[in-house]
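Participant: Residue numbers (UniProt numbering): 1 to 182.
Here a beta-carbon is modelled for each residue, glycine too, at the ideal position from N, C-alpha and C.
Pasting a structure here, questions to come.
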């Protein structure tokens, strides 16, 4: 069941982000794909981030109580690789150019968008923590760039459909629908 779950989830396309923190516990960061809007209408907008419990950066995120979600552009795969530990780097933050906003967490100067958050809640579930962040600042340094996505265990880029309305269902869609209904 576990492998079927992982194989099924690999078919989904996820935005690639680097989550960073800085504070009394030190500076840390990691690559994540599990980021989602939680609420735009609470006292302040909020989002959630899922991080693996065993990642060394997770404890630092908890202890600092602040983090920044840096959404990566499609030309920033190398940054994702460094923060995922796939590329050796003594100092992860030597990759890219960084600044700060409200919380002091590192902000990638040329990210697609950044969400600087205070940690409002953390819920442990299985091997992961769900971190709920209250938005303190937002910026869109390269808001018109294409996002870096991850699907089928590979990086890619978002390519929008043509703006013309679809007139016919693709031939490949009919057999898939039939197979699901069988």
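1. Helix, strand or coil, according to DSSP, for residue 177 in the structure here?
2. For residue 14, which residues of its own chain have a beta-carbon under 8 Å away from its beta-carbon, when the five flanking residues on both sides are left out?
3. For residue 38, collect the residues of the same chain with a Cβ closer than 7 Å to its Cβ; drop the 5 residues on either side in sequence, then sort them by chain order.
4. Does the region 54-62 come into contact with the region 14-27, if we say contact requires no fewer than three beta-carbon pairs (one atom in each stretch) closer than 8 Å?
5. Under 8 Å, with one C-beta from each stretch per pair, do the region 65-73 and the region 113-132 reach the 3-pair mark?
6. Per DSSP, which residues does residue 21 bridge with? Please list them.
7. Could you please give the first and the last residue of the uninterrupted beta strand (DSSP E) stretch that includes residue 183?
8. According to the neighbour-count rule (16 or more other Cβ atoms, all chains shown, within 10 Å of its Cβ), is residue 178 buried or exposed?
9. Out of curiosity, what's the CA-to-CA distance linking residue 72 and residue 56?
10. Quick check on this structure: which residue in 125, 155, 27 and 16 has the alpha carbon closest to the alpha carbon of residue 53?
Facilitator: Once the coordinates are examined:
1. For the purposes of this step, residue 177 is taken as the residue at position 177 of the chain shown. Below a pLDDT of 50, predicted positions are generally treated as unreliable, and residue 177, at 45, falls in that range; the measurement from the model is reported next regardless. DSSP places residue 177 in helix when its eight states are reduced to three.
2. Taking the first residue of the chain shown as position 1, residue 14 is located at position 14. 33, 34, 149, 150 and 151, listed in sequence order.
3. Residue 38 sits at position 38 when you count from the first residue of the chain shown. Taken in chain order, the residues that qualify are 46, 47, 48 and 132.
4. Three or more Cβ pairs closer than 8 Å define a contact, and the region 54-62 meets that threshold against the region 14-27.
5. At 8 Å Cβ cutoff, the stretches touch.
6. Working through the chain shown from its first residue, we reach residue 21 at position 21. Looking at the DSSP assignment, residue 21 forms a beta bridge with 28.
7. Any property of residue 183 remains undetermined from this structure, which presents the chain solely from 1 to 182.
8. Translated into positions along the chain shown, residue 178 becomes position 178. Since pLDDT at residue 178 reaches only 45, below the 50 mark, its modelled position is unreliable, and the value read off the structure follows with that caveat. By the neighbour-count criterion, in which 16 or more other beta carbons inside 10 Å mark a residue as buried, residue 178 falls on the exposed side.
9. Walking along the chain shown from the start, residue 72 turns up at place 72. Walking along the chain shown from the start, residue 56 turns up at place 56. Their backbone Cα atoms lie some 21 Å apart in a straight line.
10. For the purposes of this step, residue 53 is taken as residue 53 along the chain shown, with counting starting at 1. It is 125 whose Cα lies nearest to the Cα of residue 53.
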